[in-house]
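This report refers to the structure that appears directly beneath it.
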Ligand code: AMP
Ligand code: TRP
């Protein structure tokens, strides 16, 4: 087959497995909005089937899925411009994932650091879904012939695996059918760290709520968490190199830069030499001004969950219209009768 020209298409997803953090916002959602506004076709998913790779309370999962949709919209995604839907409504994802389960190798899955972290010491007791998860993620992406995937740094390995699956499928079947997708891991905040420990990622699953800023936190809570964030005793340096050995300072500067849409160097030029006692209130004010409107809008949208469900259903229908023919062609390539 000759080289296919793929239309540029963006896909990304977030798990509805708890509240959204500033890490999700800066590493993913804010970038989703930027891409939508560049005029490319954008598809953003609430990956509920990924969430159940570890047990979820059904009522909480339903709520988290709707709240994630509200978060997407409150952050600036427009359900007319972008396709917004939850993964389980488009069965083509899981159908494609089965094909990829037969392409991907066990060893590839067992090497994934997220699997190792989440499975912990007793990997034999992890769900089979947790191991197979990156194959479903590859299916999410490739069932749309996605060319670009904006994500945070922690997803890099899964995207490399997606490329390996696409390449192996193309090679095994002698076709040039799946694109080799580009990861978009960009900006000042591709890895937002915990406010309590600059060596750990900010995460919705961290036991300490002080370690993260939730998109649902009110202004006082955001300000308090920033005031109490771990720092060191030195004033801020004026050059980026001065942050090398100072993970907590670097994290707060990166957050400031990403929220204020500036480069890290620009921020350093402005705040270099200041003490944290001066810089933290600046950061708190900036964070409150950017996050509070989002949490307010999320709360408003959550009052009408029927409307959210309508948005998800209509997004799912649009998504299926793209995915179904690509799955059909995949079945034909693989040799399924009746495809
Ligand atoms: P998750 O919440 O694990 O489903 O992640 C959803 C998206 O948010 C992915 O693109 C992640 O890479 C991104 N993300 C999650 N936590 C962080 C963080 N601390 N810093 C930057 N990006 C993050
Ligand atoms: N694995 C991603 C995470 O945990 C979520 C995800 C699932 C995803 N499918 C995706 C991200 C496809 C980008 C593209 O954050």
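In my numbering, the protein residues as written are 7 to 345. Where is the CB? At the ideal position from N, CA and C, for every residue including glycine.
Asked: Alpha helix (DSSP H) runs wholly inside the region 179-262, at least 4 long, in chain order; Found: 225-233
Asked: Whole-angstrom distance between residue 177 and residue 303, CA atom to CA atom; Found: 47 angstroms
Asked: From 239, 22, 297, 210, residue whose alpha carbon lies closest to that of residue 403; Found: Past the edges of the chain, shown from 7 to 345, lies residue 403, and the structure says nothing about it.
Asked: Under the three-state DSSP convention, the category residue 328 falls into; Found: helix
Asked: Any non-hydrogen atom of the ligand AMP within 7 angstroms of residue 20 CB; Found: yes
Asked: Exposure label - residue 144; buried when at least 16 CB within 10 Å; Found: buried
Asked: Alpha-carbon spacing of residue 59 relative to residue 74, whole angstroms; Found: 18 angstroms
Asked: The ligand TRP heavy atom lying under 7 angstroms from the CB of residue 163; Found: no
Asked: Residue 231 beta carbon near the ligand AMP (any heavy atom closer than 7 angstroms); Found: no
Asked: Enclosing beta strand (DSSP E) for residue 52 [first to last residue]; Found: 47-52
Asked: Where residue 325 falls, given that 16 or more other Cβ within 10 Å makes a residue buried; Found: buried
Asked: Bridge partner(s) assigned by DSSP for residue 85; Found: Answer by DSSP bridge pairing: none, since residue 85 is not bridged.
Asked: Segment limits, beta strand (DSSP E) that includes residue 19; Found: 15-20
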